[in-house]
Amino acid sequence: STGTGQNYLIENVTISDAAQDGIKVTGGGGTKTNVKVVNCTVDTARRHGIEFADDVTWGVIANNRVRNTNTTTSGAGIFVSSTTVAPTIPSASFISITGNVVDTAENGIRAQGHDITISGNTVSSATVDGIRLRVLDHHLLVFADVDFLPEALQHDP
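Numbering (this note's numbering), first residue to last: 1428 to 1584.
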């Protein structure tokens, strides 16, 4: 878990048996976060495998393997969250989630915010939704190369 700040690179890290989240990055209240989590493995986490929390902006989650999350509580393999919804207050934005493999989670990939791209990921054995989205501030989420999207998409109004 990181505090608020900027310019993080988390790369080629293996995490096993996390008591809460495997990797958690917290945004900085309107500050451009600029974070990349690349080529990491998270195996067994009680909640989320990789989480960008509290309005992370300008982030990349790419080419990671996440498995066995949500072992005791609600969780996702990859989770991007926003705590704010007003158009003048930042929310999770400009996030790319690409090339990841998520196996066994409540939600494979769960995101809320705007300007989020989800592409080229593989999700298997999700107990609820493969991909679950909540669109904030009337912004759209952009998808590419997600073959199973029509069957797996859950949109929270």
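C-beta: ideal position from N, C-alpha, C; glycine also. Quick caveat, the model's predicted, so the values are computed rather than measured.
Check	Outcome
Backbone secondary structure at Thr1458 - three-state DSSP	strand
Classification of Asp1448 by the beta-carbon crowding that lies within 10 angstroms, buried from 16 upward	buried
Per-residue DSSP class, three states only, for Gly1504	strand
Close Cβ partners of Asn1461 (< 7 Å) along its chain, the five nearest in sequence each way excluded	Gln1433, Asn1434, Trp1485
Rounded distance between the beta-carbons of Val1529 and Gly1502, thought under 8 Å	So it is not a contact: roughly 11 Å between Cβ atoms.
Residues bridged to Val1440 (per DSSP)	Paired residues: none, contrary to the question.
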